[in-house]
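In the working numbering, the protein residues as written are 85 to 600.
Note that CB positions come from ideal geometry on N, CA and C, so glycine has one too.
The structure displayed is predicted, hence computed values, not measured ones.
Since the structure comes first, as structure tokens, the remarks are kept for the end.
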């Protein structure tokens, strides 16, 4: 009984720690797709009518819309394209309303804050479940935490800690898929994953097929194929019940795909291998663990699923998803959890080899840390001085060339430039700011260092305080005035984080030397 109580206490402590970590890392405001979704819910909450009437208003060109912030406007397509996100935002809005109903103050800030904060929490919660899966595989707590840190902070996953992307939920669902044992739970997880992005069906299909050996009993294969078909039936049934066919057709026709074969192949190569956007480029640690944890046909089928998903994503101009390592592929790391654990266990038994690999893991993770603050794909906002003008430019501009059959043109990111590699990019900004440089040169373009704003919540509070930027939110501005204390806490967190990594590394090196 005592052990159970202790376990509950530990879980409560971890939950509080996760909430605190999410609060420190969440960027603190909405500004892109997350704002579009929140505007959709905000408009509905202020609309005098039911859901059906609200959708009719959105379909109408003359419909009167209301925005929390009109930087990112919503439409009926928001409901179609971001259905799960809309549902989640509605639940979070009602959750905040319930807990703040007795407080006599304007709670709109907390509504939008929680709507974005929950995305950061999904990522920290994913790390918790990954840690628990490692522990369940009889890996010690220290080694489990070490592996969790290098996977989440040494790869493109680091971009999800600050919120903004619904991919954080996808990431969590893939982790839960391996944590939970109930087949019913896994079925609903798979269903929600393809509701988030239908192209994830290819991942789900190969995952289910990989659960059984090639020469296993045909009944098992038929069962998995039947479940895949059932998931698809449920998906299309929901679409029929919840969406207007005409609007669905209009949405499908609005998607402009790459038709030039040369451009398509170029997209595919860059998606996987480019120095600044490539999925494999930013997956050095996972690739090493995968190599040593290879599980024959299971791993082959999983890799095939990623390849087929890459073929699909390459049809789009924005194939990279605006994140180094690809926003849509990063959550798929976690279909390889068994391989990661197996590969890590294998390396831990190789005393000579593990020293070099662990040193490499720590180096990559530490080098990747500034990426949580500065993003190469935010270059348009840095050039534009968005933080000063308070008007984002975005990654695309309206096309005025009638010869090009595209409504919008993407910014021409130098994705094959080593200087634009997010690790190089972020470290360059971090070091220049550390030495108080006024200008920072990126790809021969000189940019005011003040235009490079951080992504984490605590980083932004320090930035606002140092630059005397007034947010017009009283308690935020009061926090900004204490930026020296925040700065001390910020660097203390960095110090503790790196100290743990180095300490774990020293312990493993010492153990390896003793065995030799």
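- In whole angstroms, what is the alpha-carbon distance linking residue 73 and residue 130? Given a span of 85 to 600 for the chain in the structure shown, any question on residue 73 remains unanswerable.
- Task: Using only alpha-carbon positions, find the residue among 243, 325, 447 and 551 that is nearest to residue 461.
- Result: 243
- Message: Using the Cβ count rule (16 or more neighbours within 10 Å means buried), how would you classify residue 349?
- Response: exposed
- What do you get for residue 587, buried or exposed, if any count of 16 or more other CB atoms within 10 angstroms of its CB means buried? exposed
- Message: What would DSSP say about residue 530, mapped onto helix, strand or coil?
- Response: strand
- Cβ pair residue 254, residue 277 closer than 9 Å: yes
- Query: Is the stretch 132-139 touching the stretch 93-103 in the sense that three or more CB pairs, one from each, lie closer than 8 Å?
  - Reply: The answer is no - the stretch 132-139 does not touch the stretch 93-103, with fewer than three Cβ pairs under 8 Å.
- Item | Bridge-paired residues (DSSP) for residue 580 | In DSSP, residue 580 forms no bridge with anything.
- From residue 214 to residue 259, what does the alpha carbon distance come to, in whole angstroms? Cα-Cα distance, rounded: 6 Å.
- Helix, strand or coil for residue 241 per DSSP? helix
- Query: Just to confirm, are residue 194 and residue 208 a CB contact at a threshold of 9 Å?
  - Reply: no
- Query: So what's residue 88 in DSSP terms, helix, strand or just coil?
  - Reply: The predicted position of residue 88 is uncertain, since its pLDDT is 48 and thus under 50; a value taken from the coordinates is nonetheless stated next. The three-state secondary structure of residue 88, taken from DSSP, is helix.
- Message: For residue 381, tell me which candidate among 412, 416 and 420 has the shortest Cα-Cα distance.
- Response: Selected option, being the one with the closest Cα: 420.
- Item | First through last residue of the alpha helix (DSSP H) which encompasses residue 201 | 192-220
- Message: Looking at the strands, I want to know which residues DSSP matches up with residue 525.
- Response: Answer by DSSP bridge pairing, in chain order: 530.
- Message: Restricting to runs no shorter than 4 residues, where is the alpha helix (DSSP H) found entirely within the stretch 341-400?
- Response: 345-357, 368-376 and 380-397
- Query: Which residue comes first and which comes last in the alpha helix (DSSP H) that contains residue 427?
  - Reply: DSSP places residue 427 inside the alpha helix (DSSP H), whose first and last residues are 421-433.
- Query: At what residue ranges does the stretch 526-575 contain a whole run of the beta strand (DSSP E), taking only runs of 3 or more?
  - Reply: Listed in chain order, the complete beta strand (DSSP E) runs (minimum 3 residues) inside the stretch 526-575 are 529-532.
- Within the same chain, show all residues whose beta-carbon is closer than 7 Å to that of residue 116, passing over the 5 residues directly before and after it, in chain order. 156 and 248
- Message: Within 8 Å, do at least three Cβ pairs link the stretch 454-468 to the stretch 306-320?
- Response: With a cut-off of 8 Å, the stretch 454-468 and the stretch 306-320 do not count as touching, because too few Cβ pairs lie within range.
- Within this structure, are the beta carbons of residue 153 and residue 203 separated by less than 9 Å? no
- Task: Check whether the stretch 390-407 touches the stretch 351-364, counting contact only when three or more Cβ pairs, one atom from each stretch, lie closer than 8 Å.
- Result: yes
- Query: For residue 299, which three-state DSSP category applies?
  - Reply: The pLDDT assigned to residue 299 is 48, lower than 50, so where the model puts this residue is not dependable, and the model offers no usable value.
- Pairwise C-alpha distance: residue 523 and residue 327: When the Cα atoms are used, residue 327 and residue 523 turn out to be separated by approximately 50 Å.
- Member of 92, 91, 100 and 107 whose CA lies at the smallest distance from the CA of residue 574: 107
- Task: Report all residues from its chain with a CB closer than 7 Å to the CB of residue 54; omit the five preceding and five following residues, and keep chain order.
- Result: In the structure as shown, the chain starts at 85 and stops at 600, and residue 54 therefore has no counterpart that could be examined.
- Task: Hey, could you find the ends of the alpha helix (DSSP H) residue 251 is sitting in?
- Result: Per DSSP, the unbroken alpha helix (DSSP H) holding residue 251 starts and ends at 251-263.
- Between the Cα of residue 109 and the Cα atoms of 241, 201 and 212, which residue gives the shortest distance? 201
- If residue 345 sits next to residue 312, beta carbons under 8 Å apart, how far is it from one beta carbon to the other, in whole angstroms? About 30 Å separates the two Cβ atoms, so there is no contact after all.
- Message: Below 8 Å, how does it come out for the stretch 541-560 and the stretch 258-274: are there three or more Cβ pairs, yes or no?
- Response: no
- Task: Check whether the stretch 423-430 touches the stretch 373-380, taking contact to mean three or more Cβ pairs, one atom from each stretch, closer than 8 Å.
- Result: yes
- Message: Measuring alpha carbon to alpha carbon, tell me which residue in 197, 211 and 498 is nearest residue 228.
- Response: Just measuring C-alpha positions, the residue of 197, 211 and 498 sitting nearest residue 228 is 211.
- Message: So for residue 151, helix, strand or coil by DSSP?
- Response: The answer is coil: DSSP assigns residue 151 none of H, G, I, E or B.
- Using CA coordinates, which residue listed in 423, 387 and 513 is at the minimum distance from residue 456? 513
- Residue range of the alpha helix (DSSP H) that residue 178 falls in? 167-184 is the span of the alpha helix (DSSP H), which, as asked, contains residue 178.
- Looking at C-alpha atoms only, which residue of 118, 292, 286 and 367 is the closest neighbour of residue 271? 292
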